[in-house]
Amino acid sequence: MIFKNTVNLSAPCSGWIRFRVWVTLCCLALSTLAWAAPQQTWWSEKATTALATAGTNANQITLALTKAPRDQRPGLQFLVENMPQSDLQSLSAAFLLENLKLAYETRRSSAWAKAVPEEIFLNDVLPYASINERRDSWRKSFRAMCLPLVQDCRSTGEAAQRLNKKLFGLVKVRYSTGRKKADQSPLESMESGLASCTGLSILLVDACRSVGIPARLAGTPLWANKRGNHTWVEVWDQRWHFTGAAEPDPNGLDRGWFVQDASQAMKEVREHAIYATSFRKTGLSFPMVWAANLATVNAVNVTDSYAPPTKQVNPDQVRLSIKVVDRAQGRRTAANITVVEAKGGKIIQEGRSRDESADSNDFLSFVLPKKQAYRVQVASPNKDISQDFIPTDQAETLITLYLEPTQGVATLSPVCYSPPSILRPLRSTDEAKLKKALNAYFEATIEKQKTWKFPAELDRVLSDNEPAVRQAAWSAYRSAAIHQSAHQDFGSNIVRFAQHLSPYVVKTVGTRPSAGWPLFIAMHGGGGAPQELNDSQWRMMQNYYKDHPELGGYQYLALRAPNNTWNGFYDVYVYPLIENLIRQFALFGDVD
Numbered sequence: 000m001i002f003k004n005t006v007n008l009s010a011p012c013s014g015w016i017r018f019r020v021w022v023t024l025c026c027l028a029l030s031t032l033a034w035a036a037p038q039q040t041w042w043s044e045k046a047t048t049a050l051a052t053a054g055t056n057a058n059q060i061t062l063a064l065t066k067a068p069r070d071q072r073p074g075l076q077f078l079v080e081n082m083p084q085s086d087l088q089s090l091s092a093a094f095l096l097e098n099l100k101l102a103y104e105t106r107r108s109s110a111w112a113k114a115v116p117e118e119i120f121l122n123d124v125l126p127y128a129s130i131n132e133r134r135d136s137w138r139k140s141f142r143a144m145c146l147p148l149v150q151d152c153r154s155t156g157e158a159a160q161r162l163n164k165k166l167f168g169l170v171k172v173r174y175s176t177g178r179k180k181a182d183q184s185p186l187e188s189m190e191s192g193l194a195s196c197t198g199l200s201i202l203l204v205d206a207c208r209s210v211g212i213p214a215r216l217a218g219t220p221l222w223a224n225k226r227g228n229h230t231w232v233e234v235w236d237q238r239w240h241f242t243g244a245a246e247p248d249p250n251g252l253d254r255g256w257f258v259q260d261a262s263q264a265m266k267e268v269r270e271h272a273i274y275a276t277s278f279r280k281t282g283l284s285f286p287m288v289w290a291a292n293l294a295t296v297n298a299v300n301v302t303d304s305y306a307p308p309t310k311q312v313n314p315d316q317v318r319l320s321i322k323v324v325d326r327a328q329g330r331r332t333a334a335n336i337t338v339v340e341a342k343g344g345k346i347i348q349e350g351r352s353r354d355e356s357a358d359s360n361d362f363l364s365f366v367l368p369k370k371q372a373y374r375v376q377v378a379s380p381n382k383d384i385s386q387d388f389i390p391t392d393q394a395e396t397l398i399t400l401y402l403e404p405t406q407g408v409a410t411l412s413p414v415c416y417s418p419p420s421i422l423r424p425l426r427s428t429d430e431a432k433l434k435k436a437l438n439a440y441f442e443a444t445i446e447k448q449k450t451w452k453f454p455a456e457l458d459r460v461l462s463d464n465e466p467a468v469r470q471a472a473w474s475a476y477r478s479a480a481i482h483q484s485a486h487q488d489f490g491s492n493i494v495r496f497a498q499h500l501s502p503y504v505v506k507t508v509g510t511r512p513s514a515g516w517p518l519f520i521a522m523h524g525g526g527g528a529p530q531e532l533n534d535s536q537w538r539m540m541q542n543y544y545k546d547h548p549e550l551g552g553y554q555y556l557a558l559r560a561p562n563n564t565w566n567g568f569y570d571v572y573v574y575p576l577i578e579n580l581i582r583q584f585a586l587f588g589d590v591d
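Counting in numbering that gives the first Met the number 0, the sequence shown runs from 0 upward without gaps.
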C-alpha cells in the first residue's frame, strides 16, 4: 500500500488515521485467510462421494449444488446422491436447476400435490428420467400442457386417469411395433408418433410428474407364460396403483388386459417377477430386455402386489387366447369372435380380437371348461372363418387365425391320433393304386387338393386296412416332390418361411425312444442389437440347458432368430416358421 506525502502523520489527526489504516490491514488479512481456507459445503458426504465420479463435469454438478435455493437443496442432494454415473458426467447445472425449480413449484400447485409425502416426492416426482431414455427437458412444456387438464381433479389418482385419457391424443403418439426403439424419450416418441409399451409408459410417467403426481414404470422381463415382456405405469394415491399407458379403463385404476398374466408372476424367479423403477438406490436393478447388460436403473420387486402368494389354478379350466391376422406375415385384425360348443352350436363366449393399436401381448381371452370341445368363429367385414378347439391338459392356449391362409401356413389337427399297428400288409395291386393316387394328390396345388376326389375303390381299401393305408399315405407324403427344398434345408440345418431364414444347431441327447425322438426347441433372447451380440446369445442357448439323458433321449435344437430386430421371436412370421421346422423333423429327422 502506498501513502501519499500529502498526509502529515504527525498532525493532531494522525492517530486517528493510523487507527484506520490498522483496521483496514486487519480486514484485508482476515479476508485473505478466509479466501485461502477450504469452502464450506452444505451437501452430504454421499453427494461429495458422487461428485468424485463426475469427472470433468464435476464443476457443473458443483455449480448446481451451489446455486440451489435453500428450500430446494434436499431435492438436488437426493438427485446427486442417486443419479447414475453417466448423468453425473453429462448433465448441466442449468438442466438440473430448471428441473428442480419446476418440480418444487408444481408441488405447491394443488392440494393433492402438496399432500404427497416428502420421500415419495423425491423418488417419484422430482426425477428427470425413468430408465435409460435420452435426457430431455420435458418438465416445462409438459406442465404447461397437462396442468390445465387436471386443475379440477380432487386426487392424484383422478388426475392420472385424466392424463391417461387425454395425453396421447394431444401429443399424437400411438402404440406400434414399428417404433425406432423401445426406450424412447418422450420427445423422441412425439417426433415419430410411435412408441412401444415402454415408450408410452415413459410419456405418461413424465406427464404425471410434471403436475406433481408420483409415477413410476412397472414391468416384467418375461411373462410366466413366456409370451414376452411388458411395461406399464404405477401412480401413487395413498398407495401404489397401476394402469396401462394409453389404455385408460373407464372403471378406474388397477385394471388392464394384463391382470391375469401378472397374477402368474413369480417373485423369486428374476425373469418372471414384476418390478417397479426407483431413482433411490435399492441394490436391485430394473431388468431392461432392450439393454440386458445395463444395471444402472434401480428397482423394487412388487410381485406381491399383483400375484397372490398362493395361486389357485382351476385344473378343470383353460384360458383360451385368440389372435386374428389378416394373412401370413400380416397385421392383427379386430374381428368379432364367438366361441360355441362344437356339438350343438350353443354360444359360450363373445368378444372382439385386438388390432395393431393394442399391445402385442394383448389378446382376447376366455376362460373355458375343459370338459368339452369348442368352435371359434371369426366374423370380419370381408370373410368369416372358424376353427375347432379341443382343450388339452395345458392351463393356457393361444390360437392364431388367418383370414387369408396361404401356402406354407397349415392348420395342424388339435388332437394327436395314434393309429393301430399294422397287422397285415396291403395287397400289391391295392398298394400300387394307392401309391399312384397319393403321389398325384401331393403333387397337386392346394386349390386342386381342396376339390380332390380319390378313386372310389380306394375307400374299400381304407375301410379294410386303415393302419396300412395310413402308413402308405405317410410314406407318400414324406417322399413327395413338394418337400424337396425342405429336405435340402434340413441337410443344411436351416428353416424358412417366406423371406425369413433361421439357421439352427441340433444335438442328440440319450437313447432314441421306440416311437422316435422328442424334439426340444430353444430360442435365444436379444434383438434390437448388432448381429454379433445376437449371435452370441444364440451360441449361449446352444448349451444353455443341462443334458438329461435319463429322460429317455431327445434332440435339442437351438434356433437362431431370422433377424436382429427387437422381439424377433414374437411376430406373426415365427409361428409358420416353427411349424415348418417341426414338419422338417417329422419328415426327415425321425422325430415322434
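Beta carbons are placed, not taken as given, at the ideal position from N, Cα and C, and that holds for glycine. Quick caveat, the model's predicted, so the values are computed rather than measured.
Rounded separation between residue i and residue j - CA only
i, j, result
"E355", "C196", "13 Å"
"Q406", "R351", "Annotation note: pLDDT 48 at Q406 (below 50); position unreliable, no value reported."
"L437", "Y476", "8 Å"
"P185", "D358", "18 Å"
"F141", "S304", "30 Å"
"W502", "L216", "Correcting the residue identity first, residue 502 is Pro in this sequence and not Trp. Going from the Cα of P502 to the Cα of L216 covers about 36 Å."
"Y543", "V508", "14 Å"
"L101", "F120", "13 Å"
"V460", "T450", "21 Å"
"W231", "S188", "16 Å"
"A51", "A57", "7 Å"
"L430", "F587", "Note on residue identity: the sequence assigns Glu, not Leu, to residue 430. Rounded to the nearest angstrom, the two C-alpha atoms are 23 Å apart."
"M144", "L252", "22 Å"
"P454", "L367", "42 Å"
"Q201", "R318", "First, the residue type needs correcting, since residue 201 is Ile and not Gln in the sequence shown. One C-alpha to the other measures close to 31 Å."
"V339", "S364", "14 Å"
"K113", "Y574", "52 Å"
"V504", "L397", "27 Å"
"K164", "R254", "14 Å"
"R511", "W473", "21 Å"
"Q530", "H482", "31 Å"
CB-CB length for residue i against residue j, believed under 8 Å
i, j, result
"Y274", "F257", "With 8 Å as the limit, Y274 and F257 do not qualify as a contact, their Cβ atoms being about 14 Å apart."
"I130", "V296", "5 Å"
"R41", "T155", "Contrary to the premise, residue 41 reads as Trp rather than Arg in this sequence. Contact flag wrong, Cβ pair sits at about 31 Å."
"F278", "N98", "Wrong, their Cβ atoms sit about 12 Å apart, outside the cutoff."
"A206", "L162", "5 Å"
Spatial neighbours of residue i in its chain, beta-carbon cut-off 8 Å, leaving aside the 5 residues before and after
i, result
"V324", "R330, R331, T332, T399, L400, Y401, L402 and V571"
"D595", "With the chain covering only 0 through 591, there is no way to say anything about residue 595."
"K66", "A92 and L96"
"P126", "L78, R208 and F278"
"D488", "V494, R495 and Q583"
Residue i CB to nearest heavy atom of the ligand MG below 7 Å
i, result
"R106", "Only the bare structure without any ligand can be found here, which leaves the ligand MG out of the picture."
Span of the alpha helix (DSSP H), counted from its first residue to its last, around residue i
i, result
"V460", "E456 to D463"
"E97", "A92 to R106"
"G623", "It is not possible to answer for residue 623, since the shown part of the chain is limited to 0 through 591."
"P575", "V573 to F587"
"R511", "Where R511 is concerned, there is no enclosing alpha helix (DSSP H), given that its DSSP letter is neither H nor E."
"T65", "A57 to K66"
"R161", "T155 to V170"
"I201", "C196 to S209"
"V494", "No alpha helix (DSSP H) holds V494; the beta strand (DSSP E) holding it covers I493 to F496."
Delimiting residues of the beta strand (DSSP E) encompassing residue i
i, result
"N297", "N297 to N300"
"D387", "D383 to F388"
"Y503", "H499 to V508"
"L125", "L125 -> no beta strand (DSSP E), and no H or E assigned at all."
"S188", "Here S188 belongs to no beta strand (DSSP E); instead the alpha helix (DSSP H) covers P185 to S191."
"F441", "Premise fails: F441 lies in the alpha helix (DSSP H), S427 to E442, not in any beta strand (DSSP E)."
"V268", "Careful: V268 lies outside any beta strand (DSSP E) and carries neither H nor E."
"V149", "Segment R138 to V149 is the alpha helix (DSSP H) holding V149; no beta strand (DSSP E) there."
Beta-ladder partner(s) of residue i, from DSSP
i, result
"N335", "R351 and A378"
"T396", "L319"
"W235", "W239"
"I520", "L556"
"S359", "DSSP lists no partner for S359."
"R173", "L193"
"L367", "V317"
"S109", "S109 is not bridged to any residue."
"T276", "A298"
Cβ neighbours of residue i in the same chain (closer than 6 Å, five flanking residues each side left out)
i, result
"L90", "none"
"W239", "E233"
"T302", "A264, K266, A272 and I273"
Spatial neighbours of residue i in its chain, beta-carbon cut-off 7 Å, leaving aside the 5 residues before and after
i, result
"L75", "A63, L64, A67, L95 and L99"
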